[in-house]
Every structure is written in structure tokens, then in C-alpha cells.
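Quick notes on the structure that follows.
Residue numbers (this note's numbering): 733 to 967.
Put into C-alpha cells, the structure is as follows:
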């Protein structure tokens, strides 16, 4: 267990290349071993390119989500309850129920992927990015990473928004500046939907988000595992 600022800097910055994120065995099996969290090397580099922030990928699904939303939500709520459970797959255990939910999510994703390949719709979302990758991801790799995105975005987004609201409430002048910035964008755009170009006109909003992510603890803790032997001297 390392908790000092110096130790955190050593692990997360100075020697970050020899440490990798690690999770409980139960969480790894539920998310899928080929999700970006557990990958390294060329496969990880390829996934990072596919995940690169683009306004076209702000949603995981487009029309498919409307049809499958409730089933995905129901299964995910069961799945997340077992993230930190003991990885013993016995009937009626929390882990067993979560794995069944995970398999159901994978089945739904396989159905969506199959339908898209047959219908070939013109979609601009994360799923289509994975399916259109020139080097080709397997259906299992696609499913693992889609489930991983749901896991990564759900609580972290809510946590970040909570901290942003807190800090804006404590800094009325910044809140006023952001409000004016957003209102100016609303007055200047013709389309109702937010465009990528509009986000480039939010320097104050962007600075607030980045500052919040630096100052606030979006996650309560994180695990790191050394991929090779390393020495750390306590001063």
C-alpha cells in the first residue's frame, strides 16, 4: 500500500511504464479480458486510436440503443453488483448472477453486431468504429470493450459532474463566465444538437473540467501492478 504524494508520483508518473492497472479477478472476468483496461502493447495502442475522442463517437450506440436500452440497463445493474465479489462461480452466488448478466449483455451485443452487418446502416458511434476497424476486432473483443466503456463512463461521469457543480457553486464568478459562454453558443448555432465545432468554442468550460479532474478524486482508489521488479526508496 502506497499513499504518499511522492510514492504516487513514482508509480503514476516517474515509472508509469513499468506499472499496469489491475483489478480484482471478478471484475476482469465480468468486463472481459480483452477490454482496454487489461491490454498492453500493440493491441492496446490500436484500441487507444479507436477510442480517440471524436464527436462522432460520443455515443456507444445510435438507433440500436433505443430498442435494447432497458435490457442492457437491467443486465448491467445486476452485473455491477458483483464487480468486487469473490470469483467463485457457484449457483445463486453474487458472482454467478453477475456472470449470467454479463453473458446476456454479450448476447445482446452480438445480436446488434449481426443486425448491423446485415443491414449495413450509416451509423456514427463507438460500436461502428470498432466494427469498421481495418485490422479487424473480433466480436469478443468488441463486446469486451463496449462493456468496458459502460463500466468506465457510468460512475466516473456522475462523480466528475458532481465535483464540477460543487466547485462552480463555490466560485460564482466562474459560474457566471461559463453561463455566458454557453448562452453565446446557444444563440449562435442553428442546429439543436451540440456539434464538435461548438465544443471548440468553450475554453472556459474546458478549463473548469480539466481543473476539476486534476483537483478532485473521481475514483476513490486504483490498483497498479508492477510488470517487472522495481525498487523504491522511502526518503
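All residues carry an ideal CB built from backbone N, CA and C; glycine is no exception.
When the distance is taken between beta carbons, is residue j closer than 9 angstroms to residue i?
| i | j | result |
| --- | --- | --- |
| residue 702 | residue 906 | In the structure as shown, the chain begins at 733 and stops at 967. Residue 702 is therefore absent and cannot be evaluated. |
| residue 838 | residue 879 | yes |
| residue 764 | residue 836 | no |
| residue 761 | residue 834 | yes |
| residue 830 | residue 852 | no |
| residue 913 | residue 934 | yes |
| residue 875 | residue 916 | no |
| residue 877 | residue 767 | yes |
| residue 832 | residue 810 | yes |
Locate the beta strand (DSSP E) running through residue i, then write down its first and last residues.
| i | result |
| --- | --- |
| residue 836 | Unbroken run through residue 836 is the alpha helix (DSSP H), 826-851; no beta strand (DSSP E). |
| residue 753 | 751-753 |
Among the residues of its own chain, which have a CB less than 7 angstroms from the CB of residue i, if the five just before and after it don't count?
| i | result |
| --- | --- |
| residue 742 | 964 |
| residue 891 | 950 |
| residue 822 | 828 |
| residue 804 | 837, 840 |
| residue 820 | 827 |
| residue 785 | Caution applies to residue 785, whose pLDDT of 42 falls short of 50 and renders its modelled position unreliable; the model cannot decide the point. |
| residue 899 | 944 |
With a threshold of 16 other CB atoms inside 10 Å of the CB of residue i, please say whether the residue is buried or exposed.
| i | result |
| --- | --- |
| residue 757 | exposed |
| residue 854 | exposed |
| residue 887 | exposed |
| residue 885 | exposed |
| residue 846 | exposed |
| residue 824 | exposed |
| residue 903 | exposed |
| residue 861 | buried |
| residue 864 | exposed |
| residue 817 | buried |
| residue 869 | buried |
Between which residues of its own chain and residue i is the CB-CB distance below 6 angstroms, once the five residues before and five after are set aside?
| i | result |
| --- | --- |
| residue 895 | 944, 948 |
| residue 909 | 936 |
| residue 815 | 759 |
| residue 752 | 957, 959 |
| residue 889 | none |
| residue 966 | none |
Can you tell me where the alpha helix (DSSP H) holding residue i begins and where it ends?
| i | result |
| --- | --- |
| residue 819 | From DSSP, residue 819 is part of no alpha helix (DSSP H); its letter is neither H nor E. |
| residue 872 | 871-902 |
| residue 738 | 737-741 |
| residue 943 | 935-947 |
| residue 757 | 757-763 |
| residue 864 | Counting along the chain, residue 864 falls outside any alpha helix (DSSP H), and DSSP gives it neither H nor E. |
So who's on the other strand from residue i, going by DSSP bridges?
| i | result |
| --- | --- |
| residue 958 | 751 |
Please return the same chain residues whose Cβ sits closer than 8 angstroms to the Cβ of residue i, not counting the five positions on each side in sequence.
| i | result |
| --- | --- |
| residue 954 | 753 |
| residue 750 | 958, 959, 960, 962 |
| residue 901 | 907 |
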